[in-house]
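**Q** In terms of UniProt numbering, the sequence shown opens at residue 1 and continues consecutively.
We put the beta carbon where it would ideally sit given N, CA and C, even for glycine.
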Amino acid sequence: MFPLPHKACMQTSIHRDSGGDLLTRMEGLQLNPRAKPFVLTPQDRSKPGGGNLRVGRPGLSGNMIGDVKQMEENVRRTVYICDIDQQVTEEQLAGAFQECGQVVDCRVCGDPNSAMRFAFIEFYNEDSVQKAMATMNGVRIGAYPLRVLPSKTAIVPVNNQFLPRTAEERELCGRTVYVANIDKKVDKQHVLAFFEKQCGPVSRIRLLGDHHHQTRIAFVEFHEAKHAKEALDCSGALLGSLPVRVSPSKAPVRDEPPVR
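1) What does DSSP give as the partner residues of residue 116 in its beta bridges?
2) With a threshold of 16 other CB atoms inside 10 Å of the CB of residue 241, please say whether the residue is buried or exposed.
3) Name the DSSP beta bridge partners of residue 108, please?
4) Check the C-beta distance from residue 183 over to residue 215 and give it rounded, since I have them as a contact under 8 angstroms.
5) Is residue 105 near the ligand FMN, in the sense that its beta carbon is under 8 angstroms from a heavy atom of that ligand?
6) My understanding is that residue 252 touches residue 176, with C-beta atoms under 8 angstroms, so please give their C-beta distance in whole angstroms.
7) Within a Cβ cutoff of 6 angstroms, which residues of the same chain sit near residue 246, ignoring the five residues on either side of it in sequence?
8) Secondary structure at residue 75, three-state DSSP: helix, strand or coil?
9) So what does DSSP say about residue 170, is it helix, strand or coil?
10) Give the single residue among 101, 98, 118 and 100 whose Cα lies nearest to the Cα of residue 107.
11) Leaving out five residues on either side along the sequence, give the residues of the same chain with a beta carbon under 6 angstroms from the beta carbon of residue 49.
12) Relative to the alpha-carbon of residue 85, which residue among 194, 69 and 145 has its alpha-carbon at the smallest distance?
13) Where do the N-terminal and C-terminal ends of the beta strand (DSSP E) with residue 177 fall, by residue?
14) Expressed to the nearest angstrom, what Euclidean distance is found between the alpha-carbon atoms of residue 169 and residue 220?
15) Just to check my reading of the structure: residue 207 and residue 218 have Cβ atoms closer than 8 angstroms, yes? What is that Cβ distance to the nearest angstrom?
16) Here's the rule I'm using: 16 or more other beta-carbon atoms within 10 Å means buried, otherwise exposed. How should residue 187 be labelled?
17) With H, G and I counted as helix, E and B as strand and the rest as coil, what does DSSP make of residue 251?
18) Within its chain, find whatever has a CB closer than 8 angstroms to the CB of residue 125; leave out the 5 residues flanking it on each side and keep chain order.
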């Protein structure tokens, strides 16, 4: 048996109004900030192989018994996939598995800087799960052969409060980077000085962390998108005593005043 870190993709149940809570929930979502989003195209909808890709799943009703049954049904329609190449995107993975049936959702999880990741794919019906395990286990996508197993959990929908809500916020995401593995001794002014020296003028910074976490994370918004792109090259550079990891952000900086 190999470990199944299924809970890593589940949302946490902590709900405190603090920076530490937001950090906990962001970590709980395990969004891969470098992953190409799984977005259906008109071509996807017409591809052969057991049906079209499908958006959406039966919603939770608000009735506890009904919701539990629905969640159990979602688990039975979901496969767990491990040993996924870092270069494989959610869109590519979903495209490969659609040969087994209609794909409802695809979620790639894990540290974007690790060699391999894991994922969950939810199908529209249970028969597709058996087909996926029979035909896709051992198939090489990217550099590694996949391992496909029945899932022990369902995919929890992403909390939309972290995603851009408007065209303006989507533009802000293009100027924002997500910074992880920040030394706890580093404060906002240190982060500001670091990125302005290395990349260019910064508009806003949100630095998160508390005593429950060994490191901090930050969202850094630049004046121009080209400076955010340059910031990606800072991944691995020392900020304080630790090398930071810099990735494109999927969330804009909200509720933070300009740095100057």
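**A** Taking the coordinates as given:
1) Here residue 116 corresponds to residue number 116 of the sequence shown, with the count starting at 1. In the DSSP output, where bridge partners are listed per residue, residue 116 has 85.
2) Translated into positions along the sequence shown, residue 241 becomes position 241. With fewer than 16 other Cβ atoms within 10 Å, it is exposed.
3) In the sequence shown, the residue the question calls residue 108 occupies position 108. The partner list for residue 108 (beta bridge, DSSP) reads 119.
4) Indexing the sequence shown from 1 puts residue 183 at position 183. Indexing the sequence shown from 1 puts residue 215 at position 215. At roughly 7 angstroms, the Cβ-Cβ gap stays under 8 angstroms, so residue 183 and residue 215 are in contact.
5) With respect to the ligand FMN, the structure offers nothing, as it holds no ligand at all.
6) The residue you call residue 252 lines up with position 252 of the sequence shown. The residue you call residue 176 lines up with position 176 of the sequence shown. 6 angstroms between Cβ atoms; contact.
7) If you number the sequence shown from 1, residue 246 lands on position 246. Around residue 246: 177, 179, 231, 232, 234 and 235.
8) Residue numbering aside, residue 75 sits at position 75 when the sequence shown is read from its first letter. Residue state, collapsed to three classes: helix.
9) Walking along the sequence shown from the start, residue 170 turns up at place 170. Helix at residue 170.
10) Counting from 1 along the sequence shown, the entry for residue 107 is found at position 107. For the residues 101, 98, 118 and 100, the minimum Cα distance to residue 107 belongs to 118.
11) To locate residue 49, count along the sequence shown from 1; it is residue 49. Unreliable positioning characterises residue 49 in this predicted model, as indicated by a pLDDT of 39, which lies under 50. The coordinate reading is nonetheless provided below. The residues are 98 and 99.
12) In the sequence shown, the residue the question calls residue 85 occupies position 85. For residue 85, the nearest C-alpha among the options comes from 145.
13) Sequence index remark: in the sequence shown, residue 177 carries index 177 (1-based). First-last of the beta strand (DSSP E) with residue 177: 176 to 182.
14) Taking the first residue of the sequence shown as position 1, residue 169 is located at position 169. Taking the first residue of the sequence shown as position 1, residue 220 is located at position 220. The straight-line gap from Cα to Cα measures roughly 14 angstroms.
15) Start at 1 with the first residue of the sequence shown, and residue 207 comes out as number 207. Start at 1 with the first residue of the sequence shown, and residue 218 comes out as number 218. Right, the Cβ-Cβ distance comes to about 5 angstroms (below 8 angstroms), so this counts as a contact.
16) For the purposes of this step, residue 187 is taken as residue 187 along the sequence shown, with counting starting at 1. So residue 187 ends up on the exposed side.
17) Counting from 1 along the sequence shown, the entry for residue 251 is found at position 251. Three-state DSSP puts residue 251 in coil, outside helix and strand.
18) Taking the first residue of the sequence shown as position 1, residue 125 is located at position 125. Contacts found: 77, 101 and 102.
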